[in-house]
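Below is one structure, written out as structure tokens, with a few remarks after it.
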Amino acid sequence: MSNQTSPSQLLELLAAQGLSLALAESLTGGLLSSTLVDVSGASRVLLGSIVAYHSDLKHQLLGVSRTLLQEQGAVDPEVVAQMAAGVRTKLANATGTDDERVVGLATTGVAGPDIQDGKAVGTVFIGISAHFGDYVYPFEFSGDRQTIRAEAVNAAINALGEHFN
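Following my numbering, the numbering of the sequence shown begins with 10 at its first residue and continues without gaps.
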């Protein structure tokens, strides 16, 4: 990622395009949502967030394939892609918003301290689902749990911001 996008810049970019944002969080556990709602006026863009930490919730609330979760685990590029698409559809439908006007943004990964599903601590995937396409971004971060989660939030904001800069 070459450009740094602040939370307020991201919200402004989405608002300028008439887009709404739907979030699905796993390893960030609501930190991405919190970072965005710290910005005054976030409600103009942010529809809501689903924190689906447990794999059963990823399946039941976000529509992630149960077979995929069982075979690959929760820390997987296809899982985060399905999380982003699922939250986009779910929150668009729940709010009566045209899904062409909603962007799904999702996070999954391993914040530590232990390896999860055979994935190393610091492995993070960011997923985007939008009218302009579906994207998955892999990252490897180092540091403690809080650092990895904070880096994942920044990476998610920057990854989506790249599509508008």
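All C-beta atoms in this analysis are idealised placements derived from N, C-alpha and C, irrespective of residue type, glycine included. The model shown is predicted, which means the values in this text are computed figures rather than measured ones.
Which of the three DSSP states is assigned to residue i in this structure?
| i | result |
| --- | --- |
| GLY244 | The structure shown does not extend to residue 244, since the chain is modelled only from 10 to 174, so the question has no answer here. |
| PRO86 | helix |
| ALA120 | coil |
| LEU20 | helix |
| VAL111 | strand |
| GLN125 | strand |
| THR14 | coil |
| ASP143 | strand |
| THR132 | strand |
Since I believe residue j is in contact with residue i (beta carbons under 8 angstroms), could you give me their beta-carbon distance rounded to a whole number of angstroms?
| i | j | result |
| --- | --- | --- |
| LEU30 | LEU23 | 6 angstroms |
| ALA101 | VAL111 | 4 angstroms |
| GLU34 | THR116 | 5 angstroms |
| PHE141 | ALA164 | The pair is not a contact, with the Cβ atoms about 19 angstroms apart (cut-off 8 angstroms). |
Please classify residue i as buried or exposed, where buried requires at least 16 neighbouring CB atoms within 10 angstroms.
| i | result |
| --- | --- |
| THR104 | exposed |
| ILE124 | exposed |
| GLN79 | exposed |
Just checking residue i against the ligand ADP - is the residue's beta carbon closer than 6 angstroms to any of the ligand's heavy atoms?
| i | result |
| --- | --- |
| GLY72 | Within the structure as shown, the ligand ADP is missing, as the structure has no ligands at all. |
On the DSSP letters alone, give me the boundaries of the alpha helix (DSSP H) that residue i sits inside.
| i | result |
| --- | --- |
| GLU80 | 75 to 81 |
What are the boundary residues of the beta strand (DSSP E) that residue i is part of?
| i | result |
| --- | --- |
| LEU56 | 55 to 60 |
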